[in-house]
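**Q**
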Amino acid sequence: MQAICEFDRIIPGRGVAALLEDGTQVAVFRLADDSLYAVSNLDPFMDANVMSRGLVGDRGGEPIVTSPLLKQAFSLKTGVCLDDETVALEVFAVEVHDGEVRVGVNSEVKASA
Amino acid sequence: MSKLVVIGDGMVGRRFLEAVTQRDPSWEVTVLCEEPRPAYDRVRLSAFFDGVSAEELSLASDLPNVEVKLGEPAVSIARTSKVVYTDSGEYPYDKLVFATGSYAFVPPMEGADLEGVFVYRTIDDLEAIKAHSEGKRHGVVIGGGLLGLEAANALKLLGLETQIVEFAPWLMARQLDEAGGGILKQHIEKLGIGVDCATGGTKISAASGRLRMETNREGVAYDTDLIIFAAGVRPRDQLARECGIEVGERGGIITDLSCVTSDPDVYAIGEVAAMEGMCYGLVAPGYSMAEVVADRLAGGEATFPGADMSTKLKLLGVDVAQFGAMEGPLSTTYLDPAHGTYAKLILSDDAQTLLGGMLVGDAEPYPLLRASVGGKVPGKLADLLGGGEIEGALPDGAQVCSCNAVTKGDIMGAIHEQGCKDVGELKACTKAGTSCGSCVPMLKQLLKEGGVEVSNAVCEHFTQSRAELFDIVKVTGITTFSELIARYGTGIGCDLCKPTVASILASLSNGHILEGEQASLQDTNDHFLANMQRNGTYSVVPRIPGGEITPDKLIVIGEVAKEFDLYTKITGGQRIDMFGARVEDLPKIWRKLVDAGFESGHAYGKALRTVKSCVGTDWCRYGVQDSVKMAIDLELRYRGLRSPHKLKSAVSGCARECAEARGKDFGIIATEHGWNLYVGGNGGFTPRHADLLLSDVDSETLVRTIDRFLMFYISTADRLQRTSKWVEGLEGGIDYLREVIVDDKLGICGELDALMEKHVENYADEWKGVIDDPEKLQRFVSFVNAPEAPDPKIEFEEVRGQKFPAGSTERSHSTPVALGTPVRK
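Note that the protein sequences, when read in sequence, are chains A and B.
In terms of this note's numbering, the first sequence has 7 at position 7, counting the first letter as 1, and numbering is strictly consecutive.
In terms of this note's numbering, the second sequence has 1155 at position 155, counting the first letter as 1, and numbering is strictly consecutive.
#1: Under a three-way DSSP split, which group does TRP1675 (chain B) fall into?
#2: Leaving out five residues on either side along the sequence, give the residues of the same chain with a beta carbon under 6 Å from the beta carbon of LEU1171 (chain B).
#3: Spell out a yes or no on whether the segment 1319 to 1336 of chain B and the segment 1345 to 1361 of chain B are touching, meaning 3 or more CB-CB pairs, one atom from each, closer than 8 Å.
#4: What is the DSSP secondary structure of PRO1092 (chain B), reduced to helix, strand or coil?
#5: For chain B, check one thing: does any of its Cβ atoms lie closer than 7 Å to the Cβ of ARG30 (chain A)?
#6: Would you say ALA48 (chain A) lies against chain B (beta-carbon separation less than 7 Å)?
#7: Tell me ALA1240 (chain B)'s beta-bridge partners as DSSP assigns them.
#8: According to a CB-to-CB cut-off of less than 8 Å, which residues of the segment 1526 to 1558 of chain B neighbour chain A?
#9: Using a C-beta to C-beta distance shorter than 7 Å, which residues of chain B count as neighbours of GLY13 (chain A)?
#10: For LYS1793 (chain B), return the contacting residues in chain A, with the cut-off set at a CB-CB distance below 9 Å.
#11: Can you tell me whether MET1001 (chain B) is buried or exposed? The criterion is at least 16 other CB atoms within 10 Å of its CB, across all chains shown.
#12: Taking Cβ to Cβ, would you say ASP1265 (chain B) is nearer than 7 Å to LYS1095 (chain B)?
#13: Residues bridged to ARG1575 (chain B) by DSSP?
#14: So within the segment 1274 to 1344 of chain B, which uninterrupted beta strand (DSSP E) runs reach at least 3 residues, ignoring any that extend past its ends?
#15: Span of the beta strand (DSSP E) holding SER1539 (chain B)?
#16: In three-state terms, what does DSSP make of ARG59 (chain A)?
#17: Mapping DSSP to helix, strand and coil, what is ASN49 (chain A)?
#18: Determine whether the Cβ of VAL1817 (chain B) lies closer than 7 Å to any Cβ atom of chain A.
#19: With 7 Å as the C-beta to C-beta threshold (strictly closer), list the residues of the segment 1486 to 1500 of chain B near chain A in chain order.
#20: Of all Cβ atoms in chain B, is any one closer than 7 Å to the Cβ of THR66 (chain A)?
#21: What's the C-alpha gap between ASP1336 (chain B) and PRO1367 (chain B)?
#22: Hey, quick one: how far does the beta strand (DSSP E) through VAL1583 (chain B) stretch, first residue to last?
#23: Let's see if you can read the secondary structure: which residues bound the beta strand (DSSP E) around ASP1696 (chain B)?
#24: Short check: CB of VAL1140 (chain B) to CB of GLN1163 (chain B), under 7 Å?
#25: Any C-beta of chain B sitting closer than 7 Å to the C-beta of ASP98 (chain A)?
#26: Give the C-beta separation of GLY1200 (chain B) and PHE1167 (chain B) to the nearest angstrom, bearing in mind that I take them to be a contact with Cβ-Cβ under 8 Å.
#27: Any beta carbon from chain B within less than 7 Å of VAL109 (chain A)'s own beta carbon?
#28: Residues of chain B with a CB under 8 Å from the CB of LYS71 (chain A): which are they?
#29: For ARG1044 (chain B), name the three-state secondary structure that DSSP assigns.
#30: Under the DSSP definition of a beta bridge, which residues are partnered with GLY1139 (chain B)?
#31: Can you give the Cα-Cα distance for LEU55 (chain A) and PRO68 (chain A), rounded to whole angstroms?
#32: Identify which residue in B:GLU1246, B:TYR1334, B:ALA1221 and B:PHE1709 has its Cα closest to the Cα of ALA1179 (chain B).
#33: Which bits of chain A does PHE1783 (chain B) rub up against, with CB to CB less than 7 Å?
#34: Mind checking TYR1280 (chain B): buried by the 16 CB within 10 Å criterion, or exposed?
#35: In terms of residue numbering, what span does the beta strand (DSSP E) encompassing HIS97 (chain A) cover?
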C-alpha cells in the first residue's frame, strides 16, 4: 500500500489522481458519506487518463463514477461498466491510515465486493 | 413543353405553383402578378404593424420552370388563340389558371374616395395606412367581421384610438350568434376599442384636415383621421367576365368540383372560384383547390373534397372559434360573463351527434370538438362547455389536423407503429400540427392516450423536473445539494442531477461555483473551468466581449499560447480558443491572462458564451446603430449567467444582419428607430430562425426585456433545453412569451428583474476567484502525490505547424467515430 495524500485533501463527492511507484495511475474517490474507492484512472473507451475527474453518484444504489468524456458509468465496487459489461476498470485497494489515504494493488477487493 | 399561365400570385396561387412543380415539373409556367412583390402571407397581414417586415411575410421561393412577372397584370385574354395579354407582353397558354383572389368591397358611399379612406387587403394598403397614420390620433374601421377586427388591431398597433362600426347587430355575425358576439364585444371594449353595432356609415366628408362620417343612426357621427373599409371582399372575376367565361350571379368564376370553368382549358382556384356557385373566403379550401388542379394537370382525377369552414383565431388577444354547423335541431350554451367565455354546441335531435358549435374567450376544447363534428359528442356536455377535464374518445377517422388532413388513426399509427414519442416526432412523421398549430394540444392528448408517458424527471434521484427543482430551491432557499436530495430526492445523485442543481444554485447567485459543496457537483469542465478534450487536456477561451480586442491583448494570447505550446483556433463566436493545456498548467496560463485583463469566457459552462457583433455605425457605411457597443454591454451584463443550456447571442447593426443574430438564442438587429429583438434561434442540428419579440425599442427596453426573457427561460426550461425548443414548447408560443415578459400577464416581471439584478451585482470572474485562492488552486494538479509530474500518456504530433493529440489525425481517416458513441478499444 502506498500513501498518496491526506484524507482531507479529497473533497467529499470528488476524486483525485495518484501516481503509483510503478507508474500506474489510480483514481481515488471520496463519497459524501466519507467512504473511499479506487479504480484505474484510464478511461478504457477513450484511452485517456481522466477517470479521477468524473462525477460520482449512484445508479440504483450502486456507487458509480461517470467518465468525463463520453459519460459511461462504472461501478466503483467492481469496476464494471454498467453501460457495457464487457468493459471494466481495474479496482484497487484503498484505506485510511493515520489520516492518510493509502492505495495498493489488491486482488481480494473484487472477491469481497 | 406545354405552357401554363397563372394569373395572380397570392397564397393559393403560390400553393398551386409548389404543388404543380412538384407533381409535374414539365410545365413551363408563367405567373402574372399585379402586385410589385411575390406572394405573401395575407392571413398574417396585421403582423406587419407588429414589426414583421414585408420580407418576412413573403411566401416566395425559387421554383423550377416558373417565371414570375411582378407588377405585370393580365389585361385581356383571347380564348380562341389561347393568349393572355398584358400591357407589355403576350403569353400563349395550353392551360390557364385564374388565381386572382378578391378585392376589398367598398359600399357605395359619398366620400369613399376621399384622402384618408383606405381598404385593408395588400401590403401596399398597409404601407399607405401606416404613412397616413403618422401623427394622427383616431381611426374608424367599417366592418366588425374577421377582417374588420384585424384592421382594428392594426390601428391599435399604430397607436390610434380605434372605433369599429358594424352594420350587423353583433360582431362576427357570420361565425357567432348574438351571445357570442356580445362576449367578444365585451373583450374588445376592454382593450379600449369602441364598438358600435347595427350602425352603417352614410356619408364621408372632409373638414379642416379631418374626416367626418355620418351614420344611419340619428345624431351619431364620427370625426376621425382615417377610415378603413373592411366590410368584406368580392371575387376578382372582371377579366373572366370580359372574355366570356361563365361567372356566378353574385360573382365568382363558376367551376365544377375539379375547378374547371366553362372553358375546359381554364381553371379557377381560391377566392375567385365559385365552385358549384359557392365562393370560399378562407385559405384552406383554396389550398385544396390548388392541389386538385395540380393533380389534374399531372393527369390525375382529384375532385374538391369539401371545405372545412372551421376557424380558430386569436383576435386582439381573444380566442374565437367556430366549427361545423351554425344551427341545428338542438343546441346547448354556456355563458360566463365574469370570465368572458361563451360556448355553444349544436347537436342532432337525439343529442348524440355533434354538428357544430362556437367558442369565445377560451378555445381550448376546439381541436377535440372540431375533430368530433359529425361523430359522437366527445364527453359530458358540462365538461365540454365549462372547460372541464375531457378524456378523449375520438373515432379513428376523425380529422385531427385539418390543414394537412391527418386523422386520429394516422396519429395513433405513428405512435404505435413508428414509435413517435413526442409532439416533435409526430410533426415530422405525419405533418400534423405543422401549419396553423391549433391541433398541437390535441397531439399531446393523443400521445397520452397512446400510452406515451412524457416524463420531465431529471433522473432516477429526482422525480421533479428541472423547473420544479428551480422553484424548490428558490422558495426554500436551500443552498446545498445534500440538503436538497435528502429532502426532495433519493440516493446520492449522479452526473445528471448534480450539474443541474449546480446550475440552479449558480443561476440564483450562490457565490463561486467551486466554493464548498458546490465544487463536488460540477461537471469536469466546470470543475476545471476549461473544456476537456479527447486526450484529457483542456482548451482555454478567454472572454473577448463583442469580439473586440486590442492588439496588446492579441499579443498576450499569442505569447501565452507560445509559452504553453497550445494549438490556437478562431472560434465561431469571435474569440480565440487555445487547445492542449495540461490540467496542472491551467492556473499558470490564467495567471497571465488575468494579469493582462482577461476574464473567463465560460466556454466550459452552460452559460452565456458570446455576443457576436458586426462593426455597426463605427465603421460600416450601412450601419444604423452602434452594434459593437450594444454587444459588449450585453456580454458584460450576462457573463457568468448559468442557464439550462448554453446561451449565444449576436447584435447586427442593420438589416443586412452580418452578425447572424437570428440564429442565436437572443439576437438583436438595429433599425433606424432602435432595435428589433429576436428570440429562440438556433444553429446546430436543428437550425431555427429566432422569432421577433419586440421591434423598434430603445436600448433600455431592449435590455430589460432580455433580462426577463433569460430569467423566465432559466426559471422554467428543462435540463439541456435550448431556448429554441423552450419557445416552441410554450403553449401560446411567442405571443404568450410577449404577454408574460412585456405585458406582465403573470405578474412575475418584478421578480425576474430582481433575479437578474442580483446576478449582475454578484458577478465575479471565476478564474480570478481560483488563482487568488490556494485551497482551490491545489485541485489543479496532474497527480495528488506528484503535482507537477506530467501525464506521460498525453502526447502530441505536429500538423500544419501546430500540435494535435497524437493519433488524432490518423484516427479521423481510419475509423470514423459518430459523436457521442462509445468507442471500444
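Just so you know, even glycine gets a beta-carbon here, dropped at the ideal spot from N, CA and C.
**A** Let me lay it out:
#1: Correct three-state label for TRP1675 (chain B): strand.
#2: A distance below 6 Å between beta-carbons, with the five flanking residues on each side excluded, links LEU1171 (chain B) to the following residues of its chain, in chain order: GLY1144, GLY1181, LEU1184 and LYS1185.
#3: Taking a cut-off of 8 Å for Cβ pairs, the segment 1319 to 1336 of chain B and the segment 1345 to 1361 of chain B touch, as three or more such pairs fall below it.
#4: In the three-state reduction of the DSSP assignment, PRO1092 (chain B) falls in the strand class.
#5: Judged by the 7 Å Cβ criterion, ARG30 (chain A) is not in contact with chain B.
#6: Residue-level contact by beta carbon holds for ALA48 (chain A) and chain B, with a gap shorter than 7 Å.
#7: When DSSP reads this structure, ALA1240 (chain B) sits in no beta bridge, so it has no partner.
#8: Going along the segment 1526 to 1558 of chain B in chain order, one finds HIS1527, PHE1528, MET1532, ARG1534, ASN1535 and GLY1536 with a Cβ nearer than 8 Å to chain A.
#9: Those within 7 Å of GLY13 (chain A) in chain B are SER1520.
#10: Result: GLN25, LEU42, ASP47, ALA48 and ASN49.
#11: MET1001 (chain B) sits exposed, since fewer than 16 C-beta atoms from the chains shown fall within 10 Å of its C-beta.
#12: For ASP1265 (chain B) and LYS1095 (chain B), yes; Cβs fall inside 7 Å.
#13: Partner residues in a beta bridge of ARG1575 (chain B), as assigned by DSSP, do not exist.
#14: For the segment 1274 to 1344 of chain B, whole beta strand (DSSP E) runs of length 3 or above, ordered along the chain, are 1311 to 1315, 1318 to 1324 and 1330 to 1336.
#15: Its beta strand (DSSP E) spans residues 1538 to 1540.
#16: In the three-state reduction of the DSSP assignment, ARG59 (chain A) falls in the strand class.
#17: Strand.
#18: Residue placement at VAL1817 (chain B) is flagged as unreliable, the pLDDT there being 39, under the threshold of 50; the coordinate-derived value follows with that caveat. No - not a single Cβ of chain A is within 7 Å of the one on VAL1817 (chain B).
#19: Listed by position along the chain: GLY1491, ILE1492, GLY1493, CYS1494, ASP1495 and LYS1498.
#20: Taking CB atoms only, THR66 (chain A) has a neighbour in chain B less than 7 Å away.
#21: Cα-Cα distance, rounded: 21 Å.
#22: Per DSSP, VAL1583 (chain B) belongs to no beta strand (DSSP E) and is neither H nor E.
#23: That run of the beta strand (DSSP E) goes 1691 to 1697.
#24: A Cβ-Cβ contact shorter than 7 Å links VAL1140 (chain B) with GLN1163 (chain B).
#25: Interface flag for ASP98 (chain A) against chain B is unset, since no Cβ pair is found closer than 7 Å.
#26: Contact flag correct, Cβ pair sits at about 5 Å.
#27: Note on VAL109 (chain A): pLDDT 47, under 50, position unreliable in the model; the coordinate value appears next. Interface residue (Cβ-Cβ distance to chain B less than 7 Å): VAL109 (chain A) is not classified as such.
#28: Neighbours of LYS71 (chain A) across chain B, judged by C-beta separation under 8 Å: ASP1495.
#29: Judged by DSSP in its simplified three-state form, ARG1044 (chain B) adopts helix.
#30: Answer by DSSP bridge pairing, in chain order: B:THR1162 and B:LEU1226.
#31: Taking the straight line from one Cα to the other gives about 7 Å.
#32: Of the candidates B:GLU1246, B:TYR1334, B:ALA1221 and B:PHE1709, the residue whose Cα lies closest to the Cα of ALA1179 (chain B) is B:TYR1334.
#33: ALA17, ALA18 and LEU19, listed in chain order.
#34: Label assigned to TYR1280 (chain B): buried.
#35: From DSSP, the beta strand (DSSP E) with HIS97 (chain A) extends over 91 to 97.
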